[in-house]
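In the numbering used here, the protein residues as written are 2 to 175.
For each residue, glycine too, the CB sits at the ideal point set by N, CA and C.
Read the structure below first, then the notes.
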Amino acid sequence: HVVDFKNTILIMTSNLGTQLIGKRTQPGFLQESQDESYERMKERVLEELKRAFRPEFLNRVDDIVVFHSLSVDHIKGIIGLMINRIDKQLAEKGIQILLTPRAEELLVQKGYDATYGARQLRRTIQKQIEDPLAEAIVRGQFAEGMRIEVDGDGESFVFREREPAEPPLELAEH
Numbered sequence: 002h003v004v005d006f007k008n009t010i011l012i013m014t015s016n017l018g019t020q021l022i023g024k025r026t027q028p029g030f031l032q033e034s035q036d037e038s039y040e041r042m043k044e045r046v047l048e049e050l051k052r053a054f055r056p057e058f059l060n061r062v063d064d065i066v067v068f069h070s071l072s073v074d075h076i077k078g079i080i081g082l083m084i085n086r087i088d089k090q091l092a093e094k095g096i097q098i099l100l101t102p103r104a105e106e107l108l109v110q111k112g113y114d115a116t117y118g119a120r121q122l123r124r125t126i127q128k129q130i131e132d133p134l135a136e137a138i139v140r141g142q143f144a145e146g147m148r149i150e151v152d153g154d155g156e157s158f159v160f161r162e163r164e165p166a167e168p169p170l171e172l173a174e175h
């Protein structure tokens, strides 16, 4: 088979240089701005890329993008998106999930690594929240119409039943 790449965008990812991303300036030196730090890190990552791949390959790549490291705020945003997805799935069963700030902090602690970003976050949410919650629902601990609060106790997650949310008031037709 012949493949036509005329109107195609290939996105390739690599972990090359991840060990460089987490490194900070050396003690005793002036702190550089975030932009300067990013530019220096980007140069070092691109050097690593040149060592790993032959020039013939790199010359055929139109653009190379080096992303900024994720901040804790970015991770919290990702957690919010993932929990919203779980909440939508549970809504089909009439169940609502609420994540406390302590649970969010515990997810950041367990699912985020400055060097590798959010790669393990999905697995952490699945193992620490989705799986135990599914087991509790199957056992009958939580049922339709319940609100489940997910809290963190420092090391693990705790699931508690909360009062159901008030149904939204229907607007009277005029």
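Subject >> Residue nearest to arginine 163 in terms of C-alpha spacing, selected from Thr125, Lys94 and Asp152 >> reply: Of the candidates Thr125, Lys94 and Asp152, the one whose C-alpha sits nearest the C-alpha of arginine 163 is Asp152.
**OP:** Identify every run of the alpha helix (DSSP H) within the stretch 118-152, keeping only runs that are complete inside it and at least 4 residues long; order them along the chain.
**Re:** Within the stretch 118-152, the complete alpha helix (DSSP H) runs of at least 4 residues are 122-126 and 132-139.
Original post:
the ligand FAD heavy atoms versus the CB of valine 139: any closer than 7 Å?
Top reply: Absent from the structure shown: the ligand FAD. Ligands present: none.
Original post:
Leaving out the 5 sequence neighbours to the left and right, which residues in its chain are closer than 8 Å to aspartate 36 when beta-carbon positions are compared?
Top reply: So the list is empty, once near-sequence residues are dropped.
**OP:** To the nearest angstrom, report how far apart glycine 141 and arginine 124 are at their CA atoms.
**Re:** Glycine 141 and arginine 124 have their C-alpha atoms spaced approximately 25 Å apart.
Subject >> Where glutamate 162 sits in the DSSP three-state scheme >> reply: In the structure shown, glutamate 162 adopts extended strand secondary structure according to DSSP, grouped into three states.
Subject >> Cα-Cα separation, alanine 92 to phenylalanine 143 >> reply: Each residue's alpha carbon lies about 13 Å from the other.
Original post:
glycine 81: buried (16+ other C-beta within 10 angstroms of its C-beta) or exposed?
Top reply: Burial is judged here by how many other beta carbons sit within 10 angstroms of a residue's own beta carbon; glycine 81 has fewer than 16 and is exposed.
**OP:** Write down the C-beta distance between alanine 53 and leucine 17 rounded to the nearest angstrom, noting that I regard them as a contact closer than 8 Å.
**Re:** Right, the Cβ-Cβ distance comes to about 5 Å (below 8 Å), so this counts as a contact.
Subject >> Among Lys43, Ser70 and Thr9, nearest to aspartate 114 - alpha-carbon criterion >> reply: Ranking the options by Cα distance to aspartate 114, first place goes to Ser70.
Subject >> Span of the beta strand (DSSP E), counted from its first residue to its last, around leucine 99 >> reply: 97-100 is the extent of the beta strand (DSSP E) around leucine 99.
Original post:
Given 8 Å as the limit, is there contact between the stretch 97-104 and the stretch 47-63, that is, 3 or more CB pairs closer than that?
Top reply: No: fewer than three Cβ pairs fall under 8 Å.
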